[in-house]
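Step one of this worksheet: look at the structure below.
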Amino acid sequence: MIEELQNIERQAMGNSRVHRLDARTKIILAFAAIIAMVAYPYSRDVIVPGILLFAFFSVLWAFSGLTVLTYLKRLILILPFGIFIIIFQIFFENSRYDTFTSILDLPLGIHVYAESVEFASILLIKFIVCISFIILLSSTTTMQDMLAGAKRLGMPSEFVLIIGLMIRYLFVFAEMYGKVINVFEVKFFNAFDTNLPYKYRLRTLAYAIGTLFIRSYEQGERTY
39 MIEELQNIER QAMGNSRVHR LDARTKIILA FAAIIAMVAY PYSRDVIVPG
89 ILLFAFFSVL WAFSGLTVLT YLKRLILILP FGIFIIIFQI FFENSRYDTF
139 TSILDLPLGI HVYAESVEFA SILLIKFIVC ISFIILLSST TTMQDMLAGA
189 KRLGMPSEFV LIIGLMIRYL FVFAEMYGKV INVFEVKFFN AFDTNLPYKY
239 RLRTLAYAIG TLFIRSYEQG ERTY
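If you read the sequence shown in the numbering used here, its first letter stands for residue 39, the second for the next number, and so on.
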């Protein structure tokens with residue numbers, strides 16, 4: 039995931055029509071789509087605006103020149119966080135429904151309800167559409183342009199400065215992480231190699247993690 043952060047920033051420097059759009063326009067589009075999906079009532083009717091917004095996203099993604107595989111890779115990275123919450127919905131009686139129909143009975147008194155499956159499906163549609171627009175924004179707008187656009191839209195300068203420093207630290211951390219991984223590869227070190235003593239692997243990993251954070255902190259201080 040850390041390596042993907044640098045790939046996203048490199049691809050955000052493209053020269054397509056979507057890349058060349060003003061950052062403020064893309065920020066407004068992304069937030070408008072997210073607010074529209076979040077504010078839409080929880081009903082089966084959400085499928086229609088969901089399809090329309092996803093079709094709009096698909097057109098913008100096509101004009102960006104980025105591949106479908108790139109989108110799927112980034113979606114898969116984020117999907118587990120939402121799926122974890124969505125899956126649990128099917129096992130509980132949702133307060134938005136008056137009656138419940140069990141479609142699957144599991145051991146320990148656990149039931150899967152049709153109404154809860156419907157609610158989970160609605161959540162999934164909302165989640166995918168919202169995340170898709172976030173992926174589009176981050177894949178076609180550099181971090182610096184995004185911050186500049188947010189500032190011009192009225193975000194306080196103090197917030198922009200703090201977020202900017204945080205983002206720079208993330209990239210410093212990613213660079214240091216890459217160096218540590220390169221050192222491991224040069225020395226043919228594999229943390230999962232059972233031929234190496236367990237204490238040696240644990241000590242090496244602990245030292246590497248400590249070094250990673252200390253060097254990132256020191257570099258961040260020098261940059262600041």
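All C-beta atoms, glycine included, are put in the ideal place defined by N, C-alpha and C.
Three-way DSSP call (helix, strand, coil) for residue i in this model
i      : result
ILE128 : coil
LEU98  : helix
ASP183 : helix
SER54  : coil
TYR78  : coil
TYR135 : coil
LEU91  : helix
ASP143 : strand
LEU162 : helix
GLY120 : helix
THR108 : helix
ASP60  : coil
Nearest neighbour of residue i, chosen from the options [CA to CA]
i      : options                        : result
GLU156 : ILE85, LEU175, VAL56, LYS217   : ILE85
ASN132 : TYR151, TYR215, GLY120         : TYR151
ASP183 : LEU208, LEU59, ARG241          : LEU59
ARG48  : PRO79, LEU144, ALA158, THR178  : THR178
LYS217 : ASN228, ILE65, ALA246          : ALA246
PHE122 : VAL106, GLY103, LEU161, MET181 : LEU161
TYR207 : ARG260, PHE222, THR232         : ARG260
MET193 : ASN45, ILE46, ILE66, SER54     : ILE66
SER54  : ASN45, LEU243, LEU98, PHE92    : LEU98
ILE46  : ARG241, ILE252, SER176         : SER176
ALA77  : ILE252, LYS164, LEU191         : LYS164
LEU117 : ILE173, ASP136, PHE69          : ILE173
ALA68  : TYR80, GLY187, PRO145, LEU115  : GLY187
PHE92  : PHE129, SER170, THR137         : SER170
ILE200 : PHE211, LEU185, LYS111         : LEU185
ILE205 : MET181, SER96, PHE227, ALA61   : MET181
THR63  : PHE251, ILE128, ARG190         : ARG190
ARG134 : PRO79, PRO87, TYR109           : PRO79
ASN220 : LEU142, ASN233, LEU250, PRO235 : LEU250
With 16 other Cβ atoms within 10 Å as the buried cut-off, status of residue i
i      : result
SER264 : The requested residue 264 does not occur in the structure, where the chain is confined to residues 39 to 262.
LEU113 : exposed
VAL167 : buried
ALA71  : buried
MET51  : exposed
SER140 : exposed
VAL56  : buried
GLY248 : exposed
LYS237 : exposed
GLY147 : exposed
LYS225 : exposed
ALA100 : exposed
LEU104 : buried
SER102 : buried
MET75  : buried
PHE119 : exposed
SER81  : exposed
ILE252 : exposed
Beta-bridge pairing of residue i - partner residues as DSSP gives them
i      : result
TYR151 : SER140
> What residue ranges within the stretch 192-260 form continuous alpha helix (DSSP H) runs of no fewer than 4 residues, ordered along the chain?
Replying inline: Fully contained in the stretch 192-260 are the following alpha helix (DSSP H) runs of length 4 or more, in chain order: 195-224.
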